[in-house]
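What follows is a set of notes on a single structure, which appears directly below.
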Amino acid sequence: MTAKIVVVGSFNADLVAYTERMPRPGETVHGKRFATGAGGKGSNQAVAAARLGADVSFIGRLGGDVFANLAYEIWDAEGVNHDFVSRDEEVATGVAPILVDSSGENMIVVVLGANQRLQESDIDAARERIAEADMLVIQREVNLAIVPYALRTARELGVATILNPAPADGTSPESIRLADILTPNEIELETLSGGAHEDVTSAARALLTRPDQTAVVTLGAQGARIVTPAETAIIPTFAVEVVDTTGAGDTFNAALAVGLAEKMALPEAVRFANAAAALCVTKPGAADSVPSRAEAQELLARRLATLKSKSRSGC
Ligand code: ATP
Ligand code: RIB
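With our numbering, the residue at position 6 of the sequence shown is -9, and numbering never jumps.
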């Protein structure tokens, strides 16, 4: 069964400088390498979901400049449908200057440009496509008025939703209430929950207002924690050599959407998401570093084989 996924979100041209260490404010450091690549949380999630085997449609806005070509190149190469992407000739395509240090950690500035022009009419135009989808995925790198509108539309149409509340600024209670699954990282969780909670589970529970809502909190090298109003479980990730963590969260969200759309149980979908995201951090770039379905499944199979041999030897 091929999962049908609609991603509403951003495209940014990523302008990435690789450096030994991050500069302090006011300081200049030497870069080791520079790369321009396709990015934006929305587009990264769309590309990742397609590479992981889903039938993906993207809803977004590009500007009138050459950076928009990067978007069409990657979407066409990966088979992401862009019938519902429009172009605003008078504004710039989103851009993201990114610094990546030798530990693979990043700092990102997002200049939204055309992403900010996304309108309710863009969602309305794709209503039939949304109705056919198994899952709608959205983040917060667009005109923020669109986020609750898209989530409400999906809900009306009976389509399950994932809100990746990134970047978070604590001003989106309606979106948080509307989404079926929330996927903050630890920083986003702290921002959204107001900070004063003793652990990840209680902070995540502070966001859940419906009994059928779930939070899947991503925890970097520790994996992810599933939190429902009644239960919580940590799903550890895979030990890998980190090159560049950019796009890890996006790959995780995409794989989670694909897994759930394919009717995997939630813990299984989170394991699949951990595998895909762990592979993503072993390569430079955002969308460029997303693994194929076969690569993610091979990592899962290797983990399973190790667990079986450990249990046979009594370890
Ligand atoms: P980013 O902004 O770097 O894309 P994020 O901050 O949104 O990521 P994280 O929680 O850091 O989100 O990472 C998302 C997922 O990526 C984790 O849940 C995990 O599955 C995987 N991941 C991230 N870092 C590592 C790591 N060092 N080793 C293995 N897996 C990792
Ligand atoms: O999540 C990674 C993405 O965040 C980058 O591709 C950058 O464009 C920013 O949107």
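Ideal Cβ positions, reconstructed from N, Cα and C, are used throughout, including at glycine.
Spatial neighbours of residue i within its chain, please: C-beta separation below 7 Å, excluding the five flanking residues on both sides.
i, result
"D61", "none"
"L136", "I123, T146, L148, S160, L163 and A164"
"L192", "I161, L167, L177, S178 and A200"
"S71", "R46 and D107"
"N29", "G232, D235, A271 and A272"
"M7", "L84, D86 and M92"
"P82", "L0 and V94"
"D361", "No statement about residue 361 is possible, as the shown extent of the chain runs from -14 to 300 and does not include it."
Using DSSP's beta-bridge definition, name the partner residues of residue i.
i, result
"M120", "I(-10) and A145"
"M92", "L84"
"Y3", "R18 and V85"
"T199", "I166"
"V212", "A200 and T217"
"N(-3)", "G24 and G79"
"V41", "I(-10)"
Here's a check: name, in chain order, each residue in its chain whose Cβ is nearer than 6 Å to the Cβ of residue i, leaving out the five neighbours to either side.
i, result
"A240", "L37, F257, A258 and A261"
"M120", "I(-10), A145, A242 and A246"
"V96", "V80"
"A2", "G16, F19 and L84"
"N149", "Q124, T168 and N238"
"F52", "A(-2) and T78"
"G208", "I220, P221, T222 and N259"
"A31", "V(-8), V41, F43 and V65"
"A188", "L174, S178 and H182"
Give the DSSP-derived three-state secondary structure of residue i in the structure shown.
i, result
"N100", "helix"
"F69", "strand"
"R46", "strand"
"A23", "strand"
"V185", "helix"
"N259", "helix"
"A151", "coil"
"P8", "coil"
"S274", "helix"
"R125", "coil"
"T267", "coil"
Going along the chain, which residues of its own chain have a beta-carbon closer than 8 Å to the beta-carbon of residue i, five neighbours each way excluded?
i, result
"R278", "R36, L37 and G38"
"P152", "V95, R125, E126 and E173"
Taking only heavy atoms of the ligand ADP into account, decide whether any of them is closer than 7 Å to the Cβ of residue i.
i, result
"N170", "As far as ligands go, the structure on display features the ligand ATP and the ligand RIB and does not contain the ligand ADP."
task = Evaluate contact between the segment 14 to 24 and the segment 35 to 51, counting only Cβ atoms and requiring at least three cross-stretch pairs below 8 Å.
result = no
message = Using a Cβ distance threshold of 8 Å, determine whether the segment -9 to 11 contacts the segment 69 to 79, with at least three qualifying pairs required.
response = yes
ask   = How about the segment 206 to 221 and the segment 246 to 256: do they share at least three Cβ pairs that are nearer than 8 Å?
value = yes
Meets three-Cβ-pair contact criterion under 8 Å: the segment 122 to 130 and the segment 98 to 112 = yes
task = State whether the segment 227 to 239 contacts the segment 268 to 278, with contact taken as three or more CB pairs (one from each stretch) at a distance under 8 Å.
result = yes
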